[in-house]
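Undergrad:
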Amino acid sequence: MQDSRTPHRNYPVPVPDNFLQDDVGRIAQAITDVDADVDQHQQQLHKLKHRVRRLRLDALLG
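As numbered in the numbering used here, residues 2 to 63 make up the sequence shown, in order.
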């Protein structure tokens, strides 16, 4: 079985020469990893938006 990965996030990707039963677990892991990364980025974005609002309010109120 070949273990092909994405270049930036190292997610496992299916390989045409692999058996489907070998790649199913790898695809499931990739989806789980992407979900965790998206959640982390959403949390960071929420924190940044909150900071920007606070800075704007502080600038407005002096």
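C-beta: ideal position from N, C-alpha, C; glycine also.
Which of the three DSSP states, helix, strand or coil, is assigned to residue 10?
TA: Looking at residue 10 - three-state DSSP - the assignment turns out to be coil, as it is neither helix nor strand.
Undergrad: What did DSSP end up calling residue 24 once you bin it into helix, strand or coil?
TA: Reduced to three states, the DSSP call for residue 24 is helix.
Undergrad: Give the DSSP-derived three-state secondary structure of residue 44 in the structure shown.
TA: Residue 44: helix per DSSP, three-state reduction.
Undergrad: Is residue 36 buried or exposed, if buried means 16 or more other CB atoms sit within 10 Å of its CB?
TA: It counts as exposed.
Undergrad: Consult DSSP for residue 30 and reduce its assignment to one of helix, strand or coil.
TA: Residue state, collapsed to three classes: helix.
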